[in-house]
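Undergrad:
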Amino acid sequence: MSSSRPVLFLVSADSGCVRVDAEAPHVSVMDLGVTRGDGIFETISVCGGRAQALEPHLDRFVRSARLLDLPDPDLDLYRQAVFAAIDAHDDVAELYVKTVMTRGVEGAGVPTGWVYAAEAADFAGARTEGIRVVTLDRGLRHDVAQTSPWLLQGAKTLSYAVNRAALREAERRDADDVIFTSSDGFVLEGPTSNVILRRGDTLVTPRTDQGILPGTTQASVFEFAQAKGMKTEYAVVPIAELSSADALWLVSSVRQVVPINRLDGVERSIDVEFTARMTAYLLGRRD
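Residue numbers (this note's numbering): 229 to 515.
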């Protein structure tokens, strides 16, 4: 439970970046982000008062807007709001900042935007001890982004009902998280994370052209690995390779990198030392 209050800034072309009371109402019940989940967001980790991978997050924010046929977000305003929210928040070890843009009130044609900062949860246990994961069929082929782009696979939208349902199913199966798989037998991503496998001295992640959200944290992990002389690969990964991999991780912006210690009920060993090195690198990033 967060011990400090969130900080909220509204973002608009007319008013710019304005701080408001985070506990007061600000979004219309007619807003399409509320009624239909029609909007986009990014979640940015902040360590030591510095936003991590801010520009890749903002680039992905624009990419998601274009996939949804939304106007491009004003990145100068959003960037200003991110910095203002960080500065205004209490000094805590780890923070996250969320940028949001919806299609706005139905019929108005004006987007609604805001940025808020809140204290991050304590993920120390998951980062060191690992998590239990189950595989769940997403019900779509791995090439759905090419065959059916209107399904918006690979966009970071506000429509997270399916992702939350998957996590509830994981809990019912005595697990902490999920790896989605395609209906034709390939590894995709987690509800809020990317998947990384290790084969010897190579780190592998599923290719993003399979309807997978390009991961900012995953990209940083690959940068770390390359600097250490390891190979990295984006690949189409059959489900069977999860079991044969030397190690498995889920990576995401706030939780960072967590090893998988059990997959579909089968215990797995975790590489404690290498995970610690990745975590230290990620927490020490500066944009």
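Backbone N, C-alpha and C define an ideal beta-carbon position, used for all residues, glycine too.
Can you tell which of T375, R278 and L296 has the C-alpha that lies nearest to the C-alpha of G267?
TA: If we check each option's Cα against that of G267, L296 comes out closest.
Undergrad: Among S421, T430, A241 and V248, which has the Cα closest to the Cα of P234?
TA: Ranking the options by Cα distance to P234, first place goes to V248.
Undergrad: Suppose you measure from the CA of R427 to the CA of A373; what does that come to, to the nearest Å?
TA: Their backbone Cα atoms lie some 27 Å apart in a straight line.
Undergrad: How do the segment 338-348 and the segment 311-328 stand: do at least 3 beta-carbon pairs fall below 8 Å, yes or no?
TA: At 8 Å Cβ cutoff, the stretches touch.
Undergrad: If distances are taken between C-alpha atoms only, which option among F269, T430, Q484 and E322 comes closest to T340?
TA: Out of F269, T430, Q484 and E322, F269 has the C-alpha closest to the C-alpha of T340.
Undergrad: Please identify the residue among G244, H285, D429 and T375 whose C-alpha is closest to the C-alpha of V482.
TA: Nearest of G244, H285, D429 and T375 to V482, Cα basis: H285.
Undergrad: What is the DSSP secondary structure of D259, reduced to helix, strand or coil?
TA: Strand, per DSSP.
Undergrad: For Q280, which of helix, strand or coil comes out of DSSP?
TA: The answer is coil: DSSP assigns Q280 none of H, G, I, E or B.
Undergrad: When burial is assigned at 16 or more other CB atoms within 10 Å of the CB, is Q454 buried or exposed?
TA: Result: exposed.
Undergrad: Reducing DSSP to helix, strand and coil, say where S230 ends up.
TA: Low confidence applies here, because S230 scores a pLDDT of 45, under 50, leaving its location unreliable and the question unanswered by this model.
Undergrad: Which of the three DSSP states is assigned to L478 in this structure?
TA: Three-state result, L478: strand.
Undergrad: Taking 9 Å as the threshold (C-beta atoms), are T433 and T409 in contact?
TA: No, Cβ-Cβ distance for T409 and T433 is not below 9 Å.
Undergrad: Would you give the residue range spanned by the alpha helix (DSSP H) that G353 belongs to?
TA: Counting along the chain, the alpha helix (DSSP H) containing G353 begins and ends at A352 to E357.
Undergrad: For Y324, report the span of its beta strand (DSSP E) as first-last.
TA: Its beta strand (DSSP E) spans residues E322 to T330.
Undergrad: Measuring alpha carbon to alpha carbon, tell me which of H254, A349 and D405 ends up nearest F333.
TA: First, the amino acid is wrong: residue 333 is Val here, not Phe. Comparing Cα positions, the closest option is H254.
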